[in-house]
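1 is the number of the first residue of the sequence shown in the UniProt record's numbering; add one for each residue after it.
All C-beta atoms, glycine included, are put in the ideal place defined by N, C-alpha and C.
Report on the structure given below.
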Amino acid sequence: MITVLLVDDHLVVRSGLRALLSTQPDVEVVAEASSGEDGVTAALEHGPDVVLMDLSMGPGIDGIEAIRRIRAARPTQAVLVFTTYDSDADIVRAVDAGAMGYLLKDAAPDEIFTAVRGASRGQSHMSAPVASRLFQQMRNPDEALTPREAELLTLLTEGLSNKELGRKLFISEATVKSHLAHIYAKLGVDSRAAAIAKALRREGTR
């Protein structure tokens, strides 16, 4: 069973998410919080597999700071941002704070389910609009990445495993690992989430 903590200052959002996730037999919402501070407390108390975190929650600490505090106390905690904010700056700040993925609140139910399950396995996920901007950025001719590496980096936002990436690109899992190693080396990072954030950060400085 995948346990989930919902952190959002709007009751209607939390209620809607709880109802949606309750339709999945392998997912259970174990707690809710309406502020960043309460979210940190609930995460440490319940130790959920996945935290769904809003970014803006009124007075007190925001979602970014809440993510940072949760990850400082629980370095392996999977946190997915669930928000209406989709600027590159917001995304980069969230990933830098330790978020594993970034979902927009207009995401389809299946995308939310996929992201939650992926996060519980340590996989990153970015909503389609974010992935689209990343793809355009990585197609720039002055990028150090090869076309195949740029394509692979874009696919990372879908939260696919190495095996799934290989099937999608018709290459072996070993080749996927080799491409990822080259991508990480070129971008100076050591994880999927960091690679995505680095690509978006480059876009923001152009």
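Residue i and residue j closer than 7 Å at C-beta
i      : j      : result
Gly98  : Arg74  : no
Met100 : Ala128 : no
Leu55  : Thr83  : yes
Arg14  : Glu28  : no
Val81  : Tyr102 : yes
For residue i, the three-state DSSP class (helix, strand or coil)
i      : result
Phe113 : helix
Val189 : coil
His10  : coil
Thr3   : strand
Gly159 : coil
Leu145 : coil
Gly118 : helix
Gly98  : coil
Nearest-angstrom Cβ-Cβ length linking residue i and residue j, presumed shorter than 8 Å
i      : j      : result
Gln77  : Ala43  : 6 Å
Val40  : Ala66  : 5 Å
Leu152 : Leu165 : 7 Å
His125 : Arg148 : With a Cβ gap of about 21 Å, His125 and Arg148 do not count as contacting.
Leu21  : Val4   : 6 Å
Lys198 : Val189 : 5 Å
(message) Between the region 190-201 and the region 85-99, can you find at least three pairs of beta-carbon atoms closer than 8 Å?
(response) yes
(message) For the region 145-160 against the region 59-66, do three or more pairs of beta-carbon atoms, one drawn from each stretch, fall closer than 8 Å, so that the two count as touching?
(response) no
(message) Which runs of the alpha helix (DSSP H) at least 4 residues long sit entirely within the region 26-92? Give them in chain order.
(response) 36-46 and 63-73
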